[in-house]
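Trainee: In the UniProt record's numbering, the protein residues as written are 1 to 82.
Have a look at this one before I ask anything.
Here you go:
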């Protein structure tokens, strides 16, 4: 059991049959976040891309409340491993 918990802590994903996993930045793209749009216009790996990505990562303009309600509206379930 400790090994499985260790795997979960390392970010190993366990898919639930019949369900789709949230894709990174799916919310950002759907709500047409201006920071995401700016990120998409930059060349990946460039200084401007990394600067924009850092802003996205550390100073998101959206709230967890908005994100959570978007998840509900789109039919996502939040599942916690045991």
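Beta carbons are placed, not taken as given, at the ideal position from N, Cα and C, and that holds for glycine.
State the start and end residues of the unbroken alpha helix (DSSP H) segment that holds residue 41.
Mentor: Start and end: 34-41.
Trainee: Which one of 65, 77, 39 has the shortest CA to CA distance from residue 25?
Mentor: Residue 25 has its Cα closest to that of 39, out of 65, 77, 39.
Trainee: Counting Cβ pairs closer than 8 Å, one from the segment 41-48 and one from the segment 65-74, do we hit at least three?
Mentor: With the cut-off at 8 Å, the segment 41-48 and the segment 65-74 do not touch.
Trainee: Can you tell me whether DSSP reads residue 1 as helix, strand or coil?
Mentor: Confidence at residue 1 is low in this model, with a pLDDT of 42, below 50, so its placement is unreliable and no value can be given for it.
Trainee: What is the rounded straight-line gap between the Cα of residue 82 and the Cα of residue 20?
Mentor: Distance between the alpha carbons of residue 82 and residue 20 is about 19 Å.
Trainee: Report, in whole angstroms, the separation of the C-beta atoms of residue 65 and residue 22, which I expect to be a contact under 8 Å.
Mentor: So it is not a contact: roughly 17 Å between Cβ atoms.
Trainee: Buried or exposed: which applies to residue 90, given that a residue is buried once 16 or more other Cβ atoms fall within 10 Å of its Cβ?
Mentor: Nothing can be reported for residue 90, as the shown portion of the chain is limited to 1 through 82.
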